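Encoded as C-alpha cells, the structure appears first; notes follow it.
2 protein chains.
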Amino acid sequence: MANRVTLADVAALAGVHPGTVSRALSAKTENQVNAATVRKVRRAAKQLGYTPNAMARGLRTRLSMTVGVIVPDLTNPIFPPMVRGIDSYLLPRGYSALVVNTDGSDETERTVFESLLARQVDGFIVATGHTHHRLMAEAQERGVLVVMVNRDAHGVRYPAVTGDDSLGIKEIFAHLVALGHSRIVHLAGPAGFSTSEIREEAFRAACEQFSVTGRVLPTSAYSIDAGQAAMDILLDGPAEGFTAVVAGNDLLALGAYHSLRQHGMVCPDDMSVVGFNDMPFAGDFFPPMTTVRVSHFDMGAEAARLLLAQIEAPESTALAVRLPVSLVVRGSTAPAKR
Amino acid sequence: MANRVTLADVAALAGVHPGTVSRALSAKTENQVNAATVRKVRRAAKQLGYTPNAMARGLRTRLSMTVGVIVPDLTNPIFPPMVRGIDSYLLPRGYSALVVNTDGSDETERTVFESLLARQVDGFIVATGHTHHRLMAEAQERGVLVVMVNRDAHGVRYPAVTGDDSLGIKEIFAHLVALGHSRIVHLAGPAGFSTSEIREEAFRAACEQFSVTGRVLPTSAYSIDAGQAAMDILLDGPAEGFTAVVAGNDLLALGAYHSLRQHGMVCPDDMSVVGFNDMPFAGDFFPPMTTVRVSHFDMGAEAARLLLAQIEAPESTALAVRLPVSLVVRGSTAPAKR
DNA sequence: TACCGAATCGCAATCGATTGCGATAATTGA
DNA sequence: TCAATTATCGCAATCGATTGCGATTCGGTA
Numbered sequence: 008m009a010n011r012v013t014l015a016d017v018a019a020l021a022g023v024h025p026g027t028v029s030r031a032l033s034a035k036t037e038n039q040v041n042a043a044t045v046r047k048v049r050r051a052a053k054q055l056g057y058t059p060n061a062m063a064r065g066l067r068t069r070l071s072m073t074v075g076v077i078v079p080d081l082t083n084p085i086f087p088p089m090v091r092g093i094d095s096y097l098l099p100r101g102y103s104a105l106v107v108n109t110d111g112s113d114e115t116e117r118t119v120f121e122s123l124l125a126r127q128v129d130g131f132i133v134a135t136g137h138t139h140h141r142l143m144a145e146a147q148e149r150g151v152l153v154v155m156v157n158r159d160a161h162g163v164r165y166p167a168v169t170g171d172d173s174l175g176i177k178e179i180f181a182h183l184v185a186l187g188h189s190r191i192v193h194l195a196g197p198a199g200f201s202t203s204e205i206r207e208e209a210f211r212a213a214c215e216q217f218s219v220t221g222r223v224l225p226t227s228a229y230s231i232d233a234g235q236a237a238m239d240i241l242l243d244g245p246a247e248g249f250t251a252v253v254a255g256n257d258l259l260a261l262g263a264y265h266s267l268r269q270h271g272m273v274c275p276d277d278m279s280v281v282g283f284n285d286m287p288f289a290g291d292f293f294p295p296m297t298t299v300r301v302s303h304f305d306m307g308a309e310a311a312r313l314l315l316a317q318i319e320a321p322e323s324t325a326l327a328v329r330l331p332v333s334l335v336v337r338g339s340t341a342p343a344k345r
Numbered sequence: 008m009a010n011r012v013t014l015a016d017v018a019a020l021a022g023v024h025p026g027t028v029s030r031a032l033s034a035k036t037e038n039q040v041n042a043a044t045v046r047k048v049r050r051a052a053k054q055l056g057y058t059p060n061a062m063a064r065g066l067r068t069r070l071s072m073t074v075g076v077i078v079p080d081l082t083n084p085i086f087p088p089m090v091r092g093i094d095s096y097l098l099p100r101g102y103s104a105l106v107v108n109t110d111g112s113d114e115t116e117r118t119v120f121e122s123l124l125a126r127q128v129d130g131f132i133v134a135t136g137h138t139h140h141r142l143m144a145e146a147q148e149r150g151v152l153v154v155m156v157n158r159d160a161h162g163v164r165y166p167a168v169t170g171d172d173s174l175g176i177k178e179i180f181a182h183l184v185a186l187g188h189s190r191i192v193h194l195a196g197p198a199g200f201s202t203s204e205i206r207e208e209a210f211r212a213a214c215e216q217f218s219v220t221g222r223v224l225p226t227s228a229y230s231i232d233a234g235q236a237a238m239d240i241l242l243d244g245p246a247e248g249f250t251a252v253v254a255g256n257d258l259l260a261l262g263a264y265h266s267l268r269q270h271g272m273v274c275p276d277d278m279s280v281v282g283f284n285d286m287p288f289a290g291d292f293f294p295p296m297t298t299v300r301v302s303h304f305d306m307g308a309e310a311a312r313l314l315l316a317q318i319e320a321p322e323s324t325a326l327a328v329r330l331p332v333s334l335v336v337r338g339s340t341a342p343a344k345r
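So the sequences go chain by chain: W and P. When we follow my numbering, the leftmost residue of the first sequence carries the number 8, and every step to the right adds one. When we follow my numbering, the leftmost residue of the second sequence carries the number 8, and every step to the right adds one.
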C-alpha cells in the first residue's frame, strides 16, 4: 500500500533530527522546539505528505487510540444509532471504534474480546451484558477498561449507561389505563438481561400501582419470532379478556403484530400493543407503533464519554448514567373495547 | 490495560530464544522448529496466557490485518447487513473491519480515508462511490487497494460488486404491466451515483420495451424526506393518470407512502409503489412493500473476498461482480384502476 | 573415521515513532 | 564580563514481534 513517508524522511528534508520532528508535530511537545523549526518541519511534513504510522506510535505509547465495541447483532436497528453516537464522541478525539457482533453467543463473545485485546484496544464498550457475566468479571480482574451500555451486569463495578426503563413502563401504564385498559400482558424479554428484569419488575409494580390485572409471558429472545411465539401462546389459549400488551422491546411488539394478524385480530382495535426503544421506522409499521423512545445515539455518545474518561483517569469513579425516556403515542394503542 | 505478556516472557519460560517462539507459534514457520520445542513453547504460551501484540507484529510485517469500510450512513438499513457480510468473511481470516460514516460529505470522506490510512489499513471497501470520484482516482494513483460495493465509480479500475439493477427494474415492469399499469413514474435517485443512473436508464428502456408512458422525478437524496418531496411535486400538480411509482430505493418509496397519505390517497388502491433493496422491515411497513431484493450480506461478503484476493495478490485482475436480484411482491402493488 | 547436508535454533537488525537524558547554544541577571 | 539559567535539539534506548543469516548439532554415508 501507499504511504511510505516516515519521520526520518521529514527529518532529512527539514535538516533536523527525527526526534525533533516528532516533538514539532505533536501539540503537547511543540513548545519544546523553536517556533521557526516547527514551521520548517511542518512545511517539510506537508510537502512530503507525511502521516504518522499509527502502529509504530501505538507500539511505543502503548495506546492504540482504538476502542472495541461489542454488540449482539448490528442488524438490530437500535445498534446503528448507538454506534453512530459512539463515533460522534470518539472520532473528533482521534479514536476509532472496532465493532464486532456476538450473535448472542458467549463463546464468540469471548473470542472477539480476546482478538480485540490482541489488537491493543484501549477499552471496551459492551452492549451484550447479561446479569451474571463471567467474561466481564474476568475482564475487571485483568484490569480491562469497560463501559456497559444499554444493559448492565451484576457484580462488576463498570460504569453503565442505560435508559430509564422503570419510568418508561410507568408512562406506558399511565397511557394505557387512561385508555381504559385493565387487563394487560407483558411480553417479557429473555431471562438473564438487566433490561428484561427491570422492565418486568416495573411491569409488576405498575400493575400494583394502577391496580390492573397483569400476566407476564416469557420470551426466548429479543426477536420478532420470539415475540410472535409468545403471543401465539396467549392467543391460542382461552381468551382471558386481555386488551393490551406491553412488549419488552419493539421487535417483540412486531412479533405480536404478526401473531395478531395470523389470528385474524387487528391492532389496535382488538388489542393494543406497546413497544420499547422506538427503533428506527417504528412509525412506519402497521400500525405505527406506540413505544418508548430512548436515544440510542445519546446512549452511545455517553458511553464513549465515560470510557475516554476512564482511559484518561483510570482511577476515576465509575458512575452509572440513566438516560431519560419518553412515551411516543402512535397508532398501535386505542381505547379498550368494553 | 491488561495483557503484558510478551514473546520474551514465553521464551524465558520455555528456555528458548524469542525468535524460536515466534516461529513455533506461527503456522507457516512451525515446520522450522523441532516438534518437541513447539510443544514446549505452546505450553509455555498457554500457561502465561500469551497473545501476540498486533501493533508490534503489524509494524514489522507492514500488515495491520485491518480493512477500512466507508459507508455513507450506518443507520441506513441496507448497511448493517452489508457490514455483517463483510465481517463474515473477514473475521475467520484474522481480519477486522473499521467502519466509518461520511454522511454524504466528500470532505469527511477524505478525512476518514486519511485517518484510516494512518492506521495502516490493508485496504478499503467503499460504499460511498459516485460517478466522478476524485478521492478514488487519487487512491488508485497512490496504489491503495479498494473494492467498491453497491455503487460503482467511473474512471477507476477498482473491482466493484453491485446488484443487477437493470434486471430488477425489468422484473418490476413485468409485474406492473401484468397488473395493468401503463403510466408509471420513476422516483430517480440523486444524480451522480451509478445506482441512480443505471436504474433510471433501465426505467427508460423498460418504458420503451413495455410501451408504457414514463415520467422521471429527480430526488435530492436517497432518503424518506427526498422521496416525499419528489412525490409531493407529482401529487400537487395536475393528475396525469399515473397509477404506479417505481422508487430508486426503499427509502424513497417510504417517502412516497408518506406523500400519498398526506394527500389522502391510499396505497396500493390509488397508487402502486415499488421500492428497491428490500431493506430490513420492508415487509412490516404499511402497506408491506413490494420491492426488489438484493442480498446486501452477500454483497459485503463478496466485496471482502475480492479485497483479500487483492491483498494477497495485488496484481490479480480486478473483476466486477454482479449479484442476482429478485422481485418480492407484497402489498404495495395492486391492479391498476380503470 | 571423516565428511556432508539437513534440521534446529540463536543472533541481531528491523519496522517507525516516542522520550529521558544530556550537550550545546542562547539568554538573563548581577 | 562572567556565571547561571533556560531554550533547543541531538542521541540512543525502547516498544514487541519477525526474519535473514549463520552457527551448531545430528544422522547418514562413503
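We treat Cβ as the ideally placed atom computed from N, Cα and C, and that holds for glycine. Bear in mind that the values here come from a model prediction, so they are computed numbers and not experimental data.
Is it buried or exposed, residue i, if we count other Cβ atoms within 10 angstroms and call 16 or more buried?
i         : result
W/Asn-41  : exposed
P/Val-273 : exposed
P/Pro-331 : exposed
W/Leu-326 : exposed
W/Gln-127 : buried
P/Ala-15  : exposed
W/Pro-79  : buried
P/Ala-213 : buried
P/His-188 : buried
P/Lys-47  : buried
W/Pro-321 : exposed
P/His-137 : buried
P/Gly-5   : Outside the shown range of chain P, which is 8 to 345, sits residue 5 of chain P, and nothing can be said about it.
W/Thr-73  : buried
W/Ile-240 : exposed
In three-state DSSP terms, what is residue i?
i         : result
P/Ile-132 : strand
P/Leu-314 : helix
W/Ala-320 : coil
P/Leu-50  : For clarity, residue 50 of chain P is Arg in the given sequence; the question names Leu instead. If DSSP states are grouped into helix, strand and coil, P/Arg-50 belongs with the helices.
W/Arg-300 : strand
W/Ala-42  : helix
P/Ala-289 : helix
P/Leu-334 : strand
W/Ala-341 : coil
P/Val-90  : helix
Give the range of the alpha helix (DSSP H) segment to which residue i is assigned.
i         : result
P/Ala-15  : 14 to 21
W/Arg-329 : Note, W/Arg-329: premise wrong, no alpha helix (DSSP H); beta strand (DSSP E) at 327 to 330.
P/Val-28  : 25 to 32
W/Asp-257 : 257 to 269
W/Gly-65  : 61 to 68
What residue range is occupied by the uninterrupted beta strand (DSSP E) comprising residue i?
i         : result
W/Ser-279 : 279 to 281
W/Gly-75  : 73 to 78
For residue i, return the contacting residues in chain P, with the cut-off set at a CB-CB distance below 8 Å.
i         : result
W/Met-155 : The premise fails here: W/Met-155 is roughly 17 Å from chain P at the closest Cβ pair, so nothing lies under 8 Å.
W/Asp-94  : Val-107 and Asn-108
W/Met-306 : The premise fails here: W/Met-306 is roughly 14 Å from chain P at the closest Cβ pair, so nothing lies under 8 Å.
W/Ser-71  : Met-62
Which residues of chain P have a Cβ atom closer than 7 Å to the Cβ of residue i, listed in chain order?
i         : result
W/Met-278 : Result: empty, since nearest Cβ-Cβ is about 17 Å, beyond 7 Å.
W/Gln-1   : What the structure shows of chain W is the stretch from 8 to 345, and residue 1 of chain W is not part of that stretch, so it cannot be assessed.
Along chain W, which residues have their Cβ under 8 Å away from the Cβ of residue i?
i         : result
P/Gly-121 : Inspection of the sequence shows that residue 121 of chain P is occupied by Glu rather than by Gly. Per Cβ cutoff of 8 Å: Thr-58.
Quick one: list the residues of chain W neighbouring residue i, beta-carbon separation under 7 Å, in chain order.
i         : result
P/Thr-82  : Pro-87, Pro-88, Arg-91 and Pro-287
P/Ala-63  : Leu-66
P/Ser-189 : Here the premise fails: no neighbours, minimum Cβ distance about 29 Å.
Which residues in chain P have a C-beta closer than 9 Å to the C-beta of residue i? List them in chain order.
i         : result
W/Asp-291 : Ile-231, Leu-261, Tyr-264, His-265, Phe-288, Asp-291, Phe-292 and Phe-293
- request: At 3 residues or longer, and completely inside the stretch 97 to 164 of chain W: list those beta strand (DSSP E) runs for me, N to C.
  value: 103 to 108, 130 to 133 and 153 to 156
Within the stretch 170 to 254 of chain W, ranges of the beta strand (DSSP E) (whole runs, at least 3 residues): 190 to 195, 220 to 225 and 251 to 254
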